[in-house]
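Residue numbers for the sequence shown, in my numbering: 2 to 368.
Yeah, the Cβ is synthetic: ideal placement off N, Cα and C, and Gly gets one too.
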Amino acid sequence: MSGRPAWCTLGLLAALGAVACAGTPEGDPASLTEQVPLPFSVLVAGGGVVEATAEPSAAPTRAYARTFAGADGEVLVDAATVGGALRAARVFARALADDAGEGALGARLRDVRDVLAPDDPLLSALLARARAAGHDYVLVVQRVVDGAIEERGINDRWPLTAATWLLVGLGALVQDHSFESRASLEAMLFDVEEGRLVYRAVGSGAVVELALTGRGNLWSFVQSILVPPFLVASREDQVVANVRDATVSLLVAALARDLKGSACRRAIADRARVAIEIEFVAGRARVRARAGEGLGSVATRIDGVAIDDDESRRFARALLESQREGDGGQLLAEADFAWPPGARYLQVLVRTVSGVVASSTVEALRR
């Protein structure tokens with residue numbers, strides 16, 4: 002008998018290529034990097050502690066009832082993990098994790114609802130750290146609200162399973178079943194000056210695709226010798242374990258996607274009492290400010306450190322002197338700032354005559 006027909010070889014190569022591609026999660030935060038980051042620096046604090054679903058009566062009674070059963074009270078997502086995902090996705094110009102960690106602050110942050118109250122010592126200290134480090138907002142990661150696992154069934158990769166099963170018996174490697182976790186990751190964005198809530202962010206919709214290797218056991222593989230793997234029933238304990246492992250990173254990626262989405266951008270713009278725009282022109286930062294009242298003072302930070310040199314004073318004076326009335330009674334101001342060689346981040350802070358403080362941060366090396 003001669004070798005396999007050419008179409009078998011081509012089909013096998015195509016199938017194996019698809020298997021390899023299937024291993025890349027759709028929620029990878031790095032897929033967001035091509036979008037322009039929000040021009041702000043963010044300090045990430047708190048941690049996602051597992052809480053049971055708020056609607057237990059709606060949860061199914063089968064083994065898929067919860068994604069993180071037995072993990073109540075555990076911190077599944079810490080601030081460092083979220084900060085790393087925000088940087089990988091370039092959600093904000095700058096994102097760092099608060100080094101205070103869990104403990105009393107973490108417990109206090111989980112009780113926050115609408116404001117980081119400045120009269121609370123722990124929250125006031127958090128806001129002070131954020132301001133001192135040159136951040137514009139604080140992102141509080143609060144909780145992972147647990148939810149059921151929904152079995153979506155066989156997905157559109159089943160023909161690949163059939164092909165590889167028939168040709169070389171590798172159908173068990175194709176991710177041909179889809180499952181969705183109803184768990185969600187909740188976080189809130191606050192401004193650093195007054196601790197006002199700006200946006201409620203939610204990461205949800207964690208869809209996990211499993212091959213028979215991830216949803217079956219030894220008996221499942223024995224069955225796949227006789228029938229195509231996509232027709233072999235899933236083992237609930239295997240599904241829960243593997244969906245649980247994959248869901249955490251998918252929720253973090255979904256949170257990053259939500260924060261970089263249009264809803265978050267609109268919320269920040271709607272709540273901003275002073276709008277600051279920074280663009281780079283011929284090695285200089287052109288700063289434009291728009292406010293409902295006059296600007297009283299201007300400050301700058303380079304790489305998180307306040308600067309007070311000739312250029313920063315010249316820039317502040319030029320921005321204040323450029324104020325003029327624009328459309329709708331708003332005041333407009335514009336000035337250029339000479340970008341220092343080797344500097345990475347520029348933060349511009351303005352204070353209005355009534356004491357309202359606003360700031361914006363951009364990264365020069367990305368421009």
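DSSP three-state assignment for residue i, whether helix, strand or coil
i	result
lysine 144	The sequence as given places arginine at residue 144; lysine does not occur at that position. The answer is strand: DSSP assigns arginine 144 an E or B state.
alanine 270	helix
serine 250	helix
threonine 1	This structure does not reach residue 1, given that the chain is present from 2 up to 368, and the question cannot be answered.
glutamate 326	strand
valine 116	strand
glutamate 187	strand
alanine 60	Because alanine 60 carries a pLDDT of 47, less than 50, the predicted location of this residue cannot be relied on, and the following value inherits that uncertainty. DSSP places alanine 60 in coil when its eight states are reduced to three.
valine 37	coil
glycine 47	strand
threonine 165	helix
threonine 54	coil
aspartate 259	helix
aspartate 337	strand
arginine 314	helix
aspartate 121	coil
aspartate 100	coil
alanine 108	helix
phenylalanine 222	helix
valine 241	helix
valine 139	strand
arginine 130	helix
alanine 86	helix
arginine 216	helix
Sub-8 Å separation of residue i and residue j beta-carbons
i	j	result
valine 203	aspartate 259	yes
glycine 196	leucine 124	yes
alanine 149	tyrosine 200	no
alanine 80	valine 146	no
arginine 274	glycine 293	yes
valine 193	valine 116	no
alanine 286	aspartate 337	yes
histidine 136	leucine 198	no
aspartate 310	alanine 344	no
valine 209	alanine 254	no
glycine 49	arginine 144	yes
serine 361	phenylalanine 41	yes
proline 38	arginine 91	yes
threonine 68	valine 288	no
glutamate 75	valine 113	no
leucine 110	proline 119	no
glutamine 239	arginine 302	no
alanine 184	alanine 207	yes
leucine 33	alanine 257	yes
leucine 333	glycine 327	yes
leucine 213	valine 233	yes
aspartate 73	alanine 101	no
Residue i - partner residues in DSSP beta bridges
i	result
glycine 305	Paired residues: none, contrary to the question.
isoleucine 155	His178
alanine 227	This sequence places leucine at residue 227; alanine is not what is there. Leucine 227 pairs with nothing; no bridge assigned.
arginine 289	Glu278 and Glu335
arginine 352	Ser298 and Val358
alanine 202	Ala188
glutamate 75	Note: glutamate 75 sits in no beta bridge, so no partner.
serine 235	Note: serine 235 sits in no beta bridge, so no partner.
alanine 264	Looking at the DSSP assignment, alanine 264 forms no beta bridge with any residue, so it has no partner.
For residue j and residue i, believed in contact at Cβ under 8 Å, the rounded distance
i	j	result
leucine 227	phenylalanine 180	That belief does not hold up - the Cβ atoms of leucine 227 and phenylalanine 180 are roughly 25 Å apart, past 8 Å.
alanine 317	valine 306	So it is not a contact: roughly 16 Å between Cβ atoms.
glutamine 331	leucine 296	So it is not a contact: roughly 12 Å between Cβ atoms.
alanine 96	leucine 87	4 Å
valine 351	alanine 290	6 Å
alanine 339	glutamate 312	5 Å
arginine 216	serine 235	4 Å
proline 130	aspartate 99	The identity of residue 130 in the sequence shown is arginine, whereas the question assumes proline. The Cβ separation is near 7 Å, so the contact holds.
With 16 other Cβ atoms within 10 Å as the buried cut-off, status of residue i
i	result
alanine 94	buried
isoleucine 155	exposed
valine 249	buried
serine 58	Residue confidence is low: serine 58 scores 46 on pLDDT, short of 50, so the model does not pin down where it sits. No coordinate-derived value is stated.
glutamate 187	buried
glutamine 36	exposed
leucine 219	exposed
proline 229	buried
glycine 356	exposed
valine 78	buried
arginine 272	exposed
valine 83	buried
alanine 173	buried
arginine 153	exposed
aspartate 177	buried
alanine 359	buried
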